[in-house]
Each structure stands twice: as C-alpha cells, then as structure tokens.
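Peer 1:
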Amino acid sequence: MNTNKKYIKMGGLALVVIIVFGWTMSSYNGFVGKDEQCKSQWSKVQVQYQRRMDLIPNLVSTVKGYATHESSTLEKVIAARNKALNTPSNEASSAQYEKAQSTLTSAIRDINVVVERYPELKANENFLALQSQLEGTENRIAVERKRYAELVQEYNRSVRVFPKSIIASIFSFNQKEYYQAEASAEQSPKVAF
C-alpha cells in the first residue's frame with residue numbers, strides 16, 4: 010500500500026507541475042501576443058505619419074508658388090517636418106516622437122491660415138487634392154492612435170491582473186505608455202485673418 014500512496018502523491022505532484030507549467034506558458038505566450046499587437050499597431054501609426062511626411066513637400070511647393078512672401082510659415086513647416094523625421098520613432102520614445110508630430114501638426118495649421126489669404130490657391134486643383142489627402146491622413150492618424158490606445162489598455166490590464174501579474178513581473182512584461190497629447194492640444198487653435 011505504501012508504494013501505491015507514493016505513486017499517487019508523485020502523480021498528483023506531477024499533475025500540479027504540468028498544470029502550473031501549462032498556465033505559465035499560456036500566460037507568457039498571451040503577453041507576447043499582446044506585446045506584438047501593440048508594436049504592430051504603433052507601426053501603423055508611424056506609417057500614417059510617414060504618409061503625412063511624404064505629402065508635406067508637395068503641399069509646401071504648391072503653396073510656395075502662390076505665397077512667396079509667406080516663406081517664414083513654409084520654412085517653419087519644413088523645419089518641423091525635418092525634426093519629426095529625425096526623431097526616434099520606436100515605442101520607447103513615443104512621447105518625444107509624438108511631441109515632434111504635434112509641432113508638425115501645428116505648423117500645418119499655419120499653412121491653412123496662409124491658404125485662407127489666397128482665394129486663388131484654394132481653387133487650385135493640385136492644392137485641393139493635396140489638402141484632401143492630408144486631411145484624410147490626419148483622420149487615419151487619429152484612428153490608428155485610437156486603436157493603439159485600445160491595444161495598450163488591453164495589454165496593460167493583462168499585465169496588472171492577479172495572478173498573471175506574477176508571470177508578467179517574472180518575465181519583465183511592463184506596462185506600456187499611452188499616447189499623450191501635448192497640454193496645448195486642449196486649447197482651440199487661434200485663427201487670425
């Protein structure tokens with residue numbers, strides 16, 4: 010009888026070890042999957058930012074033809090674009106990257122003010138097409154940021170809930186940063202004619 014009890018105890022212990030190992034492996038793989046989803050979504054945000062970067066030189070050159078004496082505004086847009094291009098764009102430096110993108114967004118608003126001063130520019134087909142594409146890109150950026158925030162929320166929740174938080178801390182799965190708009194984003198832009 011003692012040998013049977015010994016085998017039952019060993020079998021029970023082996024079963025517990027298998028269950029704990031399976032749960033740990035499942036939790037780990039879940040964290041990896043959610044982490045990759047966040048990285049993939051951040052990449053989609055960057056794709057839209059790149060699309061905007063590619064459109065801006067065309068927009069600026071179209072406006073330049075009409076508004077040669079507005080060069081300071083155009084130079085501001087180009088400088089903001091260059092700064093955004095040279096800012097690291099990985100998840101770890103997302104706050105710095107978003108700040109550069111916010112500066113660029115502000116500069117683009119200034120171009121729109123310049124455009125209001127030139128009615129013939131507003132009627133130019135090339136300009137209208139570029140402006141429409143840029144507007145569409147801004148909307149895509151907003152959608153991708155929203156999706157990124159939703160994935161980060163899901164990931165952060167899974168990292169923080171007990172008992173998975175134990176596995177997360179053992180394997181260094183830390184919470185991710187949400188997209189943070191600049192404090193000035195809460196205020197309406199001032200448009201003066």
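Just so we're aligned, residue 10 is where the sequence shown starts under this note's numbering, counting upward by one.
C-beta: ideal position from N, C-alpha, C; glycine also.
(1) Would you call H78 buried or exposed, if buried means 16 or more other Cβ atoms sit within 10 Å of its Cβ?
(2) Under the assumption that R90 contacts I150 (Cβ atoms under 8 Å), give the Cβ distance between them as a whole number of angstroms.
(3) Just the C-alpha distance for K53 and Y157, rounded to the nearest angstrom, thanks.
(4) Kindly indicate which three-state DSSP category S181 falls into: helix, strand or coil?
(5) Using CA atoms only, rank isn't needed, just tell me which of V29, A109 and G145 is closest to P172.
(6) Taking the C-alpha atoms as reference points, what is the distance between Q110 and S141?
(7) Assuming Q50 and L160 form a contact by the criterion Cβ under 8 Å, report the distance between their Cβ atoms to the nearest whole angstrom.
(8) Do S181 and K43 have their beta-carbon atoms positioned less than 9 Å apart in this structure?
(9) With distance defined between alpha-carbon atoms, name the residue in T114, Q105 and I27 nearest to A88.
(10) Out of curiosity, what's the CA-to-CA distance linking K155 and Y187?
(11) Between A116 and K85, how many whole angstroms is the CB-CB distance? I'm expecting something under 8 Å.
(12) Between T12, S36 and Y16, which has its C-alpha nearest S178's C-alpha?
(13) Expressed to the nearest angstrom, what Euclidean distance is found between the alpha-carbon atoms of P66 and Q162?
(14) So is L68 buried or exposed if we call it buried at 16+ other beta carbons inside 10 Å?
(15) Closest to S174 by C-alpha separation, out of E153, F40, T96 and A23, would be which residue?
(16) Exposed or buried, which one is L24 when buried takes at least 16 other CB atoms within 10 Å?
Peer 2: According to the structure shown:
(1) Only weak support is given to the placement of H78: the predicted model assigns it a pLDDT of 47, under 50, and the value that follows is read from those uncertain coordinates. Under this definition H78 is an exposed residue.
(2) Not a contact, Cβ separation roughly 14 Å.
(3) 9 Å
(4) coil
(5) V29
(6) 19 Å
(7) 5 Å
(8) no
(9) T114
(10) 10 Å
(11) 5 Å
(12) S36
(13) 35 Å
(14) By the C-beta density criterion, L68 is buried, having at least 16 other C-beta atoms within 10 angstroms.
(15) F40
(16) exposed
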